[in-house]
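If you read the sequences in order, they're chains E and H.
Each residue of the first sequence is one higher than the one before, starting from 1 at the first, in the working numbering.
Each residue of the second sequence is one higher than the one before, starting from 1001 at the first, in the working numbering.
Using N, Cα and C, we set each Cβ at its ideal position, and we do this for glycine too.
Model, not experiment: these values are computed from the prediction.
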Amino acid sequence: MGINLKVDLGAGLKLDNPVLTASGTFGFGHQYAEFIDLNRLGGFIVKGTTLEPRQGNPAPRLVETPSGMINAVGLQNPGVEDFAKYIYPTLTGFTSKVIVNISGAQVSDYVKVAEILAPLEKVSAIEVNISCPNVKGGGMSFGTSPEMAAEVTAAVRKVWPRHMMVKLTPNVTSVVQIAKAVEAAGADSVSLVNTFLAMVVDVERRKACLSTVTGGLSGPAIRPIAVRMVWQVAQAVKIPVVGLGGIMDASDALQFIMAGATAVQIGTANFIDPAASVKVVDGIEDYCRRHNVADISELRGII
Amino acid sequence: MKQVKDFILTGNRTLPSGCHLMTFVPADGAKLPAIEPGQFVQVKVDNSPKAFLRRPISVCDVRYETELVLFVKPQGEGTRCLVELPENSVVNIMLPLGRGFSCDECNGHKVLLVGGGVGAAPLVALCKNLAAGGADVTVAIGGRSRRDVAGVDVLYKPYASKVLVATDDGSCGHKGVVTSLPGFDEHYDRIYCCGPTPMMKAVARIARAKDIWCQVSLENHMACGIGACLCCVENTSDRGNVCVCTEGPVFNINRLQSWE
């Protein structure tokens, strides 16, 4: 029996399977090409890209936590021009979908980045990051207000011709409200959740462990909250939902799918096992075989 | 080519300092890939919920093309669990990672290796390579007391022309910090250093003052080890923030912006 793992996120974004890799955890793909065949993924979302190059935050940028980690990278990236000129050409040979995560400090930054990416046809979709907790101004502040989230979404919508995914922050009172706002403003899908704002104190040194004091918590520690948020949002919007947050294996991924996600993103797990994403694809297929599931859509939103 | 594979722990010896000399062989019986001195591995510690990420550990030595030797200091939850593993345990290791020390064209060169604490580990394989390449190698080991250096100097003895030891309390060798060893006054063509950051900075200052080529090995916190997470960056004079895991961990001191 052939199992159909194909999913359609709408606006032309059709994936061979529901597994994507999360932005910021997968570099520009080539770091992982030594370990896995990137074409076995539904797609991969490359590092958050901004209008200007960014050096990111000073070290230390990382602290390990129980079943997770907090990062404060601060969107270090070479800028969209550099991406278009030097990195994009290395991505055009893949059959899996390439999605670029974009970020900015003001609405016009997002628009300009989207305009520069628009002619690059192999970029099948953009993921609009209105949820980065590590950048002062913009970033998460757009994602915490329904009005501002809608404003960014609508502005990018005008210049971006293909699939537009909007990545939501969990650091809000009602993620459902933000999801509905970006849906109304023209998003083709929403991805959630980005990291949770968090901090750790080194009591011996009497200092915060991160240079920025706070950072974004990821890993299995946040997974149950992420599953709950995906479940709530999936019931409230009509556009597809992409679930992420601490997925380590296929069983974790299936939780998100059963809670209503059409696709999932593998993030922090890539740091521990560079083949984690492909193992999730294999694991989902194996699950379907064991449970006589002919099409992954049979499992979607069954909770 | 980087690999992620299971290894079998074949030896686990505790040194007087509390550090462990651990040996691993690939579970599939294959040979190890080529590993340069100064490169590192990422070890997965399965038995603790507190050790979520892999642990980056410098390669101490590679023997018989199959035996990986790691020098591990139990300093946190992960490394504590690691050193407590019994022989024949299966451990998942990613390797080889990063860029090691440059040791080509060293024939006839007089070189100084400076190691402190667990930082002495990657210098063993380096010492072996430099000696094989025709260099005259002096090794300087620093520690707080005899306990820290016991069993460490012998690792270098087969390859180095001189092994100098300094301890803070004078319980072994010269009394004082490693940079106060009389051997530092001699001329060297190159200095290689690995150890605690204050020690490496002191060595870098001496090298800079004497205009001696010098490489150091950094130990920044990291998650992935392959240049994806951008957590371990160091500020360089030529390229700004770069990943220590892929650009390093070994750097020429001229590139280290904040060390000036």
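Taking a Cβ-Cβ threshold of 7 Å, the residues of chain E close to Ile1226(H) are Gln31, Pro274, in chain order. Within 9 Å of the CB of Phe1052(H), the CB atoms of chain E belong to Glu64, Thr65, Pro66, Ser67, Gly68, Met69, Gly219, Pro220, Ala221, Thr268, Ile272, in sequence order along the chain. DSSP, reduced to helix, strand and coil, places Asp1061(H) within a strand of the structure shown.
Scanning Leu5(E), Trp160(E), Ala179(E), Thr214(E) for the CA closest to the CA of Ala125(E) turns up Trp160(E). The three-state reading of DSSP puts Ala1166(H) in strand, counting E and B together.
Among the residues of the segment 20-44 of chain E, those with a Cβ less than 8 Å away from any Cβ of chain H are Gly24, Thr25, Phe26, Gly27, Gln31, Tyr32, Glu34, Phe35, in the order of the chain.
Linking Ile178(E) to Trp231(E) through their CA atoms gives a straight-line distance of about 15 Å. Membership of Lys1110(H) in the beta strand (DSSP E) is indicated by the continuous run 1110-1116.
In the displayed model, Ile1035(H) falls within coil according to three-state DSSP, outside both helix and strand. With its beta carbon at least 7 Å from every one in chain H, Arg289(E) lies outside the interface. Within a 10 Å sphere around the beta-carbon of Arg206(E) sit fewer than 16 other beta-carbons, which makes this residue exposed. When only Cα atoms are considered, Pro1096(H) and Asp1104(H) end up about 19 Å apart. At a cut-off of 7 Å, the C-beta of Arg61(E) has a neighbouring C-beta in chain H.
Straight-line measurement puts the Cα of Arg1208(H) at about 22 Å from the Cα of Ala1166(H).
At a Cβ-Cβ threshold of 7 Å, Val280(E) and Ile266(E) count as neighbours. Identification of residues in the segment 1187-1220 of chain H having a C-beta nearer than 7 Å to some C-beta of chain E yields Asn1220, given in sequence order. For a cut-off of 8 Å, the C-beta gap from Leu168(E) to Ser131(E) is around 6 Å, short enough to register as a contact. Counted as a single uninterrupted DSSP element, the stretch harbouring Ile116(E) is not any beta strand (DSSP E) but the alpha helix (DSSP H) occupying residues 107-117. Contact residues of the segment 72-83 of chain E toward chain H are Val73, Gln76 (C-beta to C-beta distance below 7 Å). Tyr1192(H) carries a strand assignment under DSSP once its states are collapsed to helix, strand and coil. Pro1049(H) has a beta carbon lying within less than 7 Å of a beta carbon in chain E. Sequence-ordered contacts of the segment 1001-1020 of chain H with chain E read Met1001, Lys1002, Val1004 [C-beta pairs closer than 7 Å].
Boundaries of the alpha helix (DSSP H) harbouring Asn270(E): 269-272, taken from the DSSP string. At a cut-off of 7 Å between C-beta atoms, Gly186(E) does not count as an interface residue with respect to chain H. In this structure the segment 234-248 of chain E does not lie against the segment 99-107 of chain E, because fewer than three pairs of beta carbons, one per stretch, are closer than 8 Å. Annotation for Glu1036(H): Gly1100 place their beta carbon closer than 6 Å to its own, counting only its chain and skipping 5 residues before and after. For Arg1013(H), the enclosing beta strand (DSSP E) begins and ends at 1003-1014. Per DSSP, Pro1198(H) is one residue of the alpha helix (DSSP H) stretching across 1197-1209. For Gly1227(H), the CB contacts under 7 Å within the same chain, skipping 5 residues up- and downstream, are Cys1243, Cys1245, Thr1246 in chain order. In the DSSP assignment, Gly1078(H) falls within the alpha helix (DSSP H) that extends over 1077-1083.
Contact between Val1004(H) and Pro274(E) is confirmed by a C-beta separation of about 6 Å, below the 8 Å threshold. Considering only Val190(E), Ser141(E), Val156(E), Ala155(E), the residue with the shortest C-alpha distance to Asn171(E) is Ser141(E). Taking CB atoms only, Gly215(E) has no neighbour in chain H less than 7 Å away.
Comparing alpha carbon positions, the residue from Leu117(E), Pro18(E), Leu38(E) closest to Gly27(E) is Leu38(E).
Comparing alpha carbon positions, the residue from Val233(E), Pro224(E), Lys238(E), Gly79(E) closest to Ser251(E) is Pro224(E). With a 10 Å radius around the Cβ and a threshold of 16 neighbouring Cβ atoms, Gly1116(H) comes out buried.
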